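Asker:
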Amino acid sequence: MTASALVATVGNFKQFKNGAEFGSWLGLVPRQNSSGGKTQLGRITKRGDDYLRTLLIQGAKSAVMTAHKRTDKISQWLVQLLARVGWQKAVVALANKNARIVWALLAKGRVFDPNYVSVKPGEVPPIPAVMPA
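Numbering of the sequence shown is given in the UniProt record's numbering, commencing with residue 1 and proceeding in unit increments.
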């Protein structure tokens, strides 16, 4: 799916307050059934665009299968997550993370940077480590 097809499917990405809202709109968050202070999380909700959610899940499956071969931050996070929560939950978590990244790129008009570190307003950004020559 191209970026223009994605925009045509979703519309204006700024209609979502944040990436979490976009992931929820796609149905990549667990269904919640809570009462009396007891939270019960179920399967993913499967709301939003089926095709877009399917593409994100398929891409995440591919990334989860090969994460142990890579050394980037997301792959390292994914290997740890896979050991902790299992295959399916790791796939959906990565699909949700990718959806949030897509939202941030398209809503804010940015280019993907794998080393990007978000900084809250008013905080001092971290100083990147410089490798000696």
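Glycine included, every Cβ here is placed at the ideal spot set by N, Cα and C.
In this text the structure is predicted, and so the values were computed from the model without any measurement.
1. Would G86 and R53 qualify as a contact pair, given that the criterion is a beta-carbon distance under 9 Å?
2. Rounding to the nearest angstrom, what Cα-Cα distance links L55 and V111 in this structure?
3. Along the chain, where does the alpha helix (DSSP H) that runs through G86 open and close?
4. Here's the rule I'm using: 16 or more other beta-carbon atoms within 10 Å means buried, otherwise exposed. How should G36 be labelled?
5. S62 and residue 175 - do their beta-carbons sit closer together than 9 Å?
Answerer: On the basis of the data shown:
1. Translated into positions along the sequence shown, residue 86 becomes position 86. Translated into positions along the sequence shown, residue 53 becomes position 53. No, they are not a contact pair.
2. Locating residue 55 in the sequence shown gives position 55, counting from the first residue. Locating residue 111 in the sequence shown gives position 111, counting from the first residue. Cα-Cα distance, rounded: 21 Å.
3. Your numbering for residue 86 matches position 86 in the sequence shown. That residue, G86, is in no alpha helix (DSSP H); it is neither H nor E in DSSP.
4. What you label residue 36 is simply residue 36 of the sequence shown in a count that begins at 1. Per the 10 Å Cβ criterion, exposed.
5. Missing from the structure shown is residue 175; the chain here goes from 1 to 133 and no further.
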